[in-house]
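To keep things clear, I will list the structure first and then write my remarks on it.
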Amino acid sequence: AVGTPTHVSEPAFEFLLHAMIEQVEIQCLREYNKKMKMMKDRSSNDSDNNKDAQPGEKKGEGKGEDQNQEDDTKEKEEEVDEKDKQFEQELLKEEEHKQQILMNENIAAKMERMGFDVGFRLVERLAQSKSLVPPTAHTQTPSQTLLQLEAVKFICKEFWTEVFRKQIDKLQTNHRGVFVLKDGSFKWLERMPSNIEVARAMAIKILALPCGLIRGALSNLGIAAVVSCDFMDDGEKMNSCSFNVKIK
Amino acid sequence: MSKSNITAAGHTLWGKMPKANTELFALTYGSLVTELIKDYDNDIDEINKQLDRIGYSIGVRCIDELLSKCEVNGVDIGPCNSFQNTAEVVAKIGFRCFLGMTCDVTNVTENSFSLFLYENPLSIFVELPESGGGGLNDDDGGVDDFGAAAGGSGGIKRLEWSKLKYSNIYCGVIRGALEQVNMKVSCNFARDVLRGDDVNEIKVELKEMLAEGAGEEYQDE
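Note that the protein sequences, when read in sequence, are chains A and B. Just so we're aligned, residue 1 is where the first sequence starts under the numbering used here, counting upward by one. Just so we're aligned, residue 249 is where the second sequence starts under the numbering used here, counting upward by one.
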């Protein structure tokens with residue numbers, strides 16, 4: 001009998017990770033396209049309705065007026081139509097731009113949520129035999145602050161090691177519920193070229209995952225928090241980043 | 249390459265691969281499948297297709313990865329001289345060095361074989377819900393596993409969860425990888441431990457050889 005292997009290869013995991021990102025992008029693109037189509041359909045319906053209304057009105061007004069005035073009116077109609085069209089185009093473009101930003105936010109949000117689910121469950125497996133508070137301590141109940149610190153330390157060491165095969169490089173805290181976790185060589189961004197806009201956009205999407213991982217892990221350790229991340233070193237090195245944890 | 253050499257090569261390459269945590273792998277895959285179920289609105293046939301498609305693009309990349317690892321570690325797999333040979337390489341090298349899995353090749357004919365997978369890292373935490381239960385719906389906030397979906401709220405559709413080929417991604421991977429070496433195959437996840445069978449079985453059928461060059465490899469010795 002053979003037992004389930006305790007490890008898989010790193011390439012296998014990275015292939016899966018990228019497949020996941022691709023899938024999220026595909027889905028968000030589908031939703032974006034649907035929205036844009038709906039908007040374009042709606043706006044073309046509207047302009048059709050407007051066109052129907054105008055001739056009828058003009059007809060009523062035109063009765064008994066000079067031919068010249070009718071011609072002028074027609075020219076004005078066309079001008080107005082043109083302006084309407086231009087205006088609509090601009091509106092649409094603005095909307096498109098807005099929706100694209102929304103789409104990228106959706107992608108990051110989905111990634112974060114998936115990270116949350118994974119982190120939540122994974123920490124349960126990893127923390128099974130560990131007690132968060134060192135056994136030597138305390139005749140009194142440990143404070144919230146201490147428990148939070150121990151939880152975050154667990155994430156920086158054991159959790160990060162299981163996921164990224166290294167620990168967090170530097171942990172900072174203000175002892176009032178804010179922690180900064182710095183990873184100078186974040187594994188999943190190792191092969192990213194820096195200083196390219198597209199790579200940077202991809203990096204941001206990838207980083208949503210570990211933010212979720214941390215938030216999920218903390219959540220299952222009984223701590224509600226908000227997690228965001230930044231690139232360190234002004235984005236020079238693409239894989240140097242910091243995770244900011246704010247306990248709620 | 250002989251069978252025993254193939255197996256040995258698989259072990260060697262596995263030893264040289266940097267490793268990742270299996271549980272992380274399994275949970276990540278689980279969240280991918282969950283996303284698909286939401287994205288495709290509980291349409292199980294479509295989900296199976298998507299898993300295959302996703303596997304396909306991974307399989308294409310696997311070949312390059314495998315060949316480069318072989319080069320770096322001085323392992324020479326060489327071109328396969330029969331479909332049986334190909335099957336052994338997929339089972340003993342492919343599945344072994346990427347996933348640490350032990351697989352067997354059975355039911356070999358001139359253009360088909362079956363792959364038996366004994367332990368499946370993808371499904372270590374998975375249980376399929378009872379068929380006919382609810383589907384996963386969007387307002388399941390936070391944590392939700394397949395077990396919970398059975399008694400879940402919402403889900404007007406009566407779902408045949410037993411039709412879900414949870415690990416169908418493997419079929420896509422095999423298909424994509426073999427296409428890179430000019431073999432067009434169809435793969436089917438025939439038996440699944442998650443659905444109550446006693447072993448995971450993938451049936452692979454050779455549909456056609458794709459390029460002239462490949463034909464030479466298949467001359468009988």
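Cβ coordinates follow ideal geometry from the N, Cα and C atoms, glycine included.
Any chain A beta carbon closer than 9 Å to residue i
i                           : result
asparagine 296 (chain B)    : no
alanine 268 (chain B)       : yes
leucine 442 (chain B)       : no
methionine 431 (chain B)    : no
lysine 251 (chain B)        : no
aspartate 492 (chain B)     : With chain B represented from 249 up to 469, any question about residue 492 (chain B) goes unanswered, as that position is not in the structure.
tryptophan 262 (chain B)    : yes
phenylalanine 331 (chain B) : no
leucine 284 (chain B)       : yes
glutamate 194 (chain B)     : Summary: the structure shown does not reach residue 194 (chain B), with chain B confined to residues 249 through 469, and so no result is reported for it.
phenylalanine 373 (chain B) : yes
glycine 400 (chain B)       : Residue placement at glycine 400 (chain B) is poorly supported in this model, since its pLDDT is 41, which falls under 50; the coordinates still yield a value, given next. With 9 Å as the cut-off, glycine 400 (chain B) does not count as an interface residue toward chain A.
glutamate 313 (chain B)     : yes
glycine 258 (chain B)       : no
8 Å contact criterion, which residue i and residue j should meet: CB distance rounded
i                        : j                           : result
glutamate 453 (chain B)  : valine 429 (chain B)        : The pair is not a contact, with the Cβ atoms about 16 Å apart (cut-off 8 Å).
alanine 109 (chain A)    : phenylalanine 159 (chain A) : Not quite, the Cβ-Cβ distance comes to about 22 Å (not below 8 Å), so this is no contact.
valine 152 (chain A)     : leucine 213 (chain A)       : That belief does not hold up - the Cβ atoms of valine 152 (chain A) and leucine 213 (chain A) are roughly 13 Å apart, past 8 Å.
leucine 442 (chain B)    : valine 374 (chain B)        : 6 Å
alanine 203 (chain A)    : methionine 238 (chain A)    : 6 Å
leucine 181 (chain A)    : phenylalanine 243 (chain A) : 4 Å
serine 360 (chain B)     : threonine 354 (chain B)     : Contact flag wrong, Cβ pair sits at about 11 Å.
glycine 258 (chain B)    : isoleucine 341 (chain B)    : 4 Å
threonine 334 (chain B)  : methionine 457 (chain B)    : So it is not a contact: roughly 11 Å between Cβ atoms.
asparagine 290 (chain B) : leucine 407 (chain B)       : 6 Å
valine 198 (chain A)     : arginine 215 (chain A)      : Actually they are not in contact, since the Cβ atoms of valine 198 (chain A) and arginine 215 (chain A) sit about 27 Å apart, beyond 8 Å.
Interface residues of chain A facing residue i [CB-CB closer than 8 Å]
i                      : result
arginine 309 (chain B) : Phe15
Amino acids of chain A, ordered along the chain, whose beta-carbon sits closer than 7 Å to that of residue i
i                        : result
isoleucine 306 (chain B) : Phe15 and Ala19
valine 302 (chain B)     : The identity of residue 302 (chain B) in the sequence shown is isoleucine, whereas the question assumes valine. Near isoleucine 302 (chain B) (Cβ distances below 7 Å), the residues of chain A are Ala19 and Gln23.
serine 279 (chain B)     : Met114, Asp117 and Val118
threonine 255 (chain B)  : Those do not exist, as threonine 255 (chain B) stays about 14 Å from chain A at its closest Cβ, beyond 7 Å.
Chain B within 9 Å of residue i, Cβ atoms only
i                        : result
methionine 114 (chain A) : yes
proline 142 (chain A)    : no
aspartate 72 (chain A)   : no
arginine 191 (chain A)   : no
glutamine 27 (chain A)   : yes
arginine 30 (chain A)    : yes
lysine 248 (chain A)     : no
glycine 60 (chain A)     : Model confidence at glycine 60 (chain A) stands at a pLDDT of 43, short of 50, so the residue's coordinates are unreliable; what they give is reported in the following sentence. No, its Cβ sits nowhere closer than 9 Å to a Cβ of chain B.
lysine 130 (chain A)     : no
lysine 35 (chain A)      : no
lysine 110 (chain A)     : yes
glycine 56 (chain A)     : Interpretation of glycine 56 (chain A) is limited by its pLDDT of 44, a score under 50 that renders its predicted location unreliable; no figure is taken from the coordinates.
Under 8 Å from the C-beta of residue i: neighbouring residues of chain B
i                      : result
alanine 12 (chain A)   : Ala268, Phe273, Phe346 and Leu347
arginine 215 (chain A) : What arginine 215 (chain A) touches in chain B: nothing, since even the nearest Cβ is about 11 Å away.
serine 249 (chain A)   : No answer is possible for residue 249 (chain A): the residues shown for chain A start at 1 and end at 248.
Neighbour list for residue i in chain A, Cβ cutoff strictly below 9 Å
i                       : result
glutamate 427 (chain B) : Near glutamate 427 (chain B) there are no residues of chain A at all, since even the closest Cβ is about 16 Å away, more than 9 Å.
leucine 412 (chain B)   : Going along chain A, no residue has its Cβ under 9 Å from leucine 412 (chain B), so there is no contact; the nearest lies around 16 Å.
Contact list for residue i against chain B, beta-carbon separation under 9 Å
i                       : result
glutamate 173 (chain A) : It is worth fixing the name first, because residue 173 (chain A) is threonine in this sequence and not glutamate. Residues of chain B passing the Cβ test: none, with the nearest at roughly 26 Å.
Interface residues of chain B facing residue i [CB-CB closer than 7 Å]
i                      : result
valine 163 (chain A)   : Asn269 and Leu272
leucine 122 (chain A)  : Glu271, Leu272 and Leu275
arginine 125 (chain A) : Glu271
Distance cut-off 8 Å: residue i Cβ against heavy atoms of the ligand GTP
i                     : result
leucine 272 (chain B) : Absence of the ligand GTP is noted for the structure shown, with no ligands found whatsoever.
Using 8 Å as the threshold, is the segment 307-317 of chain B in touch with the segment 413-425 of chain B, meaning 3 or more CB pairs across them? Enough Cβ pairs lie closer than 8 Å, so yes.
Could you tell me which uninterrupted beta strand (DSSP E) segments, each at least 3 residues in length, are contained entirely in the segment 130-187 of chain A, listed from first to last along the chain? Runs found: 170-173 and 178-183.
Restricting to runs no shorter than 3 residues, where is the beta strand (DSSP E) found entirely within the segment 263-335 of chain B? Qualifying beta strand (DSSP E) stretches, in chain order: 267-269.
Counting pairs of beta carbons, one from the segment 16-28 of chain A and one from the segment 323-330 of chain B, are three or more of them closer than 8 Å? Touching, no, given that fewer than three Cβ pairs across the two stretches are closer than 8 Å.
Within the chosen definition, does the segment 271-280 of chain B reach the segment 253-263 of chain B through at least 3 CB pairs nearer than 8 Å? No contact exists between the segment 271-280 of chain B and the segment 253-263 of chain B.
Between the segment 357-374 of chain B and the segment 411-423 of chain B, do three or more beta carbon pairs fall short of 8 Å? Counting Cβ pairs under 8 Å, three or more are found: they touch.
Pair every Cβ in the segment 296-305 of chain B with every Cβ in the segment 35-45 of chain A, then say whether three or more of these pairs are closer than 8 Å. Segments in contact, no.
Quick check for students: name the residue ranges of the beta strand (DSSP E) that lie wholly in the segment 416-459 of chain B, counting only runs of 3 or more. Qualifying beta strand (DSSP E) stretches, in chain order: 431-439 and 448-457.
Threshold first: 4 residues or longer. Then list the alpha helix (DSSP H) segments lying entirely within the segment 184-234 of chain A, N to C. Counting whole runs of 4 or more residues, the segment 184-234 of chain A contains the alpha helix (DSSP H) stretches 197-220.
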